[in-house]
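J.: Each protein sequence line maps, in turn, to chains A and B.
Under the working numbering, the first residue of the first sequence carries the number 8, and numbering increases by one thereafter.
Under the working numbering, the first residue of the second sequence carries the number 71, and numbering increases by one thereafter.
Structure incoming, see below.
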Amino acid sequence: MDIHAEFERLLGNLLDGPTDSRRNDQLCALLAEHPVLEREYVDYLQLHALLHWRVGLSAPSVNADDHAMILPMPVAQPGPVERRSNRWRAWSLSAAMTFFAATLAIVMLVGESPSRASVDVVDRLIDWNIALTQAESPKDRDRIYTDQAETIKASLASANLRPEDRVFAEKLLETGVWLKQTDDPVAEYGRISDLADQVVARLDVASQTQDAKQVTKLANALDRIEAGVDATFERAVTSNVVSKEGKKKLAHATLGGALRMKKLETILENNLDPPRKAIHRTLKGRHKAKKLFRMND
Amino acid sequence: MDAVKPSRLAPSPEFLLLLTGSQSALYASITATLGGTESAQDLLQETNVVLMEKSGEYDATRPFLPWALAFARFQVQAWRTKQSRDRLVLSDALFEKVADSLAAAPPPQSRQLDALESCYQKLSVDWRRLMDARYQHGEAVRDIAQALGQTENVVSVTLFRIRKALLACMQKTLTAEGGS
């Protein structure tokens, strides 16, 4: 038997074929018997991983019916910045849907909606901020700001809010004003990520104190703020960040996003019954990689 | 408000740069020790979180990747203990050997991806289409074979041949860079 040909056959089957414990045993036996093949094994597996990495897919399909694994991807093979963006886009679709499912599940499982009177102004502030992050031009951003700023400020002044909601609302107002004056995609990404971090921290507290209404409210808020995080993230990674400082900020916010998802998973896992745990598992698989990308110096 | 502890979850920007710059290398190494990409992203994320939590212990005078790989190895090891035997590609002994060899000679991080990109663009149009179908569009070998009117075996052999060519090209590129 040609050992090397057999090794390549088994390796090819491992990379492209279905799960097969017999094949795995044969491959292990061959590698144990011929340690010289180990380096090749590592090289091929690493190449396989990098081929996935460069297009942002988790795993190609083994079965013809496995359409869930196929993500819509642009065909072009652009430079580093665009590759990161493509990777993000691929993940964002599924991530957004998964996050929406998780939030919806929290709302359904926790119970009734929160009092509208106390949250309307916070909701409006969130939507206003998100609209500002998604503005297509500085002029558009100006318009969005001007259209709503005074009304929102007046509503906030007269609103009857919990102290912690008021602090958060003031922060949102401050962010809205800041966004109007800013044209720095990386800084915006960091700022909106901070808002999301704050919501996750509050969500953690609310879930620990079994405050179901608060959990519902914050989960809704987080879902929408994450849309802003995604919008600013996309702008940040496509803005061709070259400064070391910009890269640092981007890296910080990016890994912070990964950690936020991790924290959210823990919150879900610690508080949820089996159906929610299933959602947690889905969330885990999707959101993680979304925030991660390669950054070259 | 302090549920996400800043001290644990906010490493220095320098550390974060090292970590983000090592993502593909960590992913590739995890894949090699797993024997495939399934669960690799999960484990990469687990590793990232551990690394960020341990960032204070990192000695900046030492190379980052070998240090990070040790945690990745631990994550994979922990994952393996939770799996049934038939889900594991590598035996315990082989897993240890592969992890040892990765620790001894960690991949050259982002240079690998740059070399891959460069070599990928050198593939013939037909080969690139085949690889795009497999990796970019996630198509199964069976579907590709059907679309091309070829047997699955022919497609599998061709895919392997392309990988072999890519590896040779990448090694040549990296060696040339190393020598320059």
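A virtual CB, placed ideally from N, CA and C, is assigned to each residue, including glycine.
To the nearest angstrom, how far is the alpha carbon of P192(A) from that of S82(B)?
T.: The alpha-carbon atoms of P192(A) and S82(B) are separated by roughly 21 Å.
J.: Which residues, taken in chain order from the stretch 31 to 64 of chain A, show a beta carbon closer than 8 Å to some beta carbon of chain B?
T.: Result list: N31, L34, C35, L38, A39, P42, E45, R46, Y48, V49, D50, Y51, L52, Q53, L54, H55, A56, L57, L58, H59, W60, R61, V62 and L64.
J.: Would you call the CB atoms of A98(B) and P177(B) closer than 7 Å?
T.: It is a contact, given that the beta carbons lie within the stated cut-off.
J.: If you count every other CB in all the chains shown that lies within 10 Å of the CB of N227(A), and 16 or more means buried, which is it?
T.: Flag for N227(A) reads buried.
J.: Measuring only between beta-carbons, confirm whether L88(B) sits less than 7 Å from chain A.
T.: Answer no: the Cβ-Cβ gap between L88(B) and chain A never drops below 7 Å.
J.: Can you name, in chain order, every residue of its own chain whose Cβ lies under 7 Å from the Cβ of G235(A), other than the five neighbours on each side?
T.: Excluding positions up to five away in sequence, the list reads N136, I137, T140 and I199.
J.: Taking only three categories from DSSP, how would you classify L21(A)?
T.: Of the three classes helix, strand and coil, the one that applies to L21(A) here is helix, per DSSP.
J.: Taking the CB atoms as reference points, tell me whether I232(A) and L202(A) lie closer together than 7 Å.
T.: Their beta carbons are under 7 Å apart, which means I232(A) touches L202(A) by this criterion.
J.: Is the separation between the beta-carbon of L132(A) and that of T101(B) shorter than 7 Å?
T.: No, the pair does not count as a contact, with Cβ atoms beyond the cut-off.
J.: Anything in chain B within Cβ reach of G235(A), meaning under 9 Å, just list it in chain order.
T.: Residues of chain B passing the Cβ test: none, with the nearest at roughly 18 Å.
J.: For chain B, find out if any of its Cβ atoms is closer than 7 Å to the Cβ of G253(A); answer yes or no.
T.: Not closer than 7 Å to any Cβ of chain B, the Cβ of G253(A) fails to qualify, so no.
J.: To which residues of the same chain is L44(A) closer than 6 Å at the C-beta, ignoring the five residues directly before and after it?
T.: So the qualifying residues of the chain are F14 and L38.
J.: Which one of H11(A), D190(A), E272(A) and A156(A) has the shortest CA to CA distance from A243(A)?
T.: Residue D190(A) is the option with its Cα nearest to A243(A).
J.: S165(A) versus chain B: which residues are under 8 Å apart at the beta carbon?
T.: Residues of chain B passing the Cβ test: none, with the nearest at roughly 25 Å.
J.: Under a CB-based cut-off of 7 Å, is V224(B) close to chain A?
T.: No - not a single Cβ of chain A is within 7 Å of the one on V224(B).
J.: With a threshold of 7 Å between beta carbons, is S28(A) in contact with chain B?
T.: S28(A) counts as touching chain B.
J.: By the criterion of Cβ-Cβ separation under 7 Å, what are the contact partners of Q153(B) in chain A?
T.: The premise fails here: Q153(B) is roughly 12 Å from chain A at the closest Cβ pair, so nothing lies under 7 Å.
J.: Output yes if chain B places a C-beta closer than 7 Å to the C-beta of L179(A); else output no.
T.: For L179(A), the answer is no, since every Cβ of chain B falls outside 7 Å of its Cβ.
J.: Kindly indicate which three-state DSSP category A98(B) falls into: helix, strand or coil?
T.: If DSSP states are grouped into helix, strand and coil, A98(B) belongs with the helices.
J.: By how many angstroms is the C-alpha of K234(B) removed from the C-alpha of R150(A)?
T.: Approximately 56 Å, taken between the alpha carbons.
J.: Whole angstroms is fine: what's the gap from G248(B)'s alpha carbon to D184(B)'s?
T.: Computed Cα separation, rounded: 14 Å.
J.: For L17(A), which residues in the same chain have their Cβ closer than 8 Å to its Cβ, ignoring the five residues on either side in sequence?
T.: Here the set comprises R30, Q33, L34 and L37.
J.: Using alpha carbons as the reference points, say which of E222(B), V211(B) and R204(B) lies closest to V62(A).
T.: Ranking E222(B), V211(B) and R204(B) by Cα distance to V62(A) puts R204(B) first.
J.: Going by beta carbon distance, what residues of the same chain come within less than 7 Å of V168(B), once the five residues before and after it are set aside?
T.: For V168(B), where only same-chain residues beyond five positions count, the Cβ hits under 7 Å are A102, T103 and L160.
J.: Are the C-beta of L139(A) and some C-beta of chain B separated by less than 7 Å?
T.: Chain B contact via Cβ: absent.
J.: Note down the Cα distance separating S94(B) from A110(B), rounded to an integer number of angstroms.
T.: Near 11 Å, if we compare the C-alpha coordinates of A110(B) and S94(B).
J.: Taking only the alpha-carbon atoms, compute the straight-line gap between L210(A) and H11(A) and give it to the nearest angstrom.
T.: Using only the alpha carbons, I get a separation of about 56 Å.
J.: At the 7 Å Cβ level, is G197(A) part of the contact set with chain B, yes or no?
T.: G197(A) does not count as touching chain B.
J.: Looking at A203(B) and the ligand PLP, is the gap between the Cβ and the nearest heavy atom below 6 Å?
T.: No copy of the ligand PLP occurs in the structure displayed, which carries no ligand at all.
J.: Within the same chain, show all residues whose beta-carbon is closer than 6 Å to that of D218(A), passing over the 5 residues directly before and after it, in chain order.
T.: Closer than 6 Å at the Cβ level, and outside the excluded window around D218(A), lies no residue.
J.: Quick one: does Q147(B) have its CB under 7 Å from some CB of chain A?
T.: No, its Cβ sits nowhere closer than 7 Å to a Cβ of chain A.
J.: Which residues in the same chain have their Cβ closer than 8 Å to the Cβ of R181(B), if we skip the five residues on either side of it in sequence?
T.: Here the set comprises L244 and E247.
J.: Whose Cβ in chain B lies nearer than 7 Å to the Cβ of T261(A)?
T.: Simply T90.
J.: Counting contacts by CB-CB distance shorter than 7 Å, is S125(B) in contact with chain A?
T.: No, S125(B) lies away from the interface with chain A (no Cβ there is under 7 Å from its Cβ).
J.: Verify whether the separation of the beta carbon atoms of R195(A) and T239(A) is less than 7 Å.
T.: Going by the sequence as given, residue 195(A) is Glu instead of Arg. Contact: yes.
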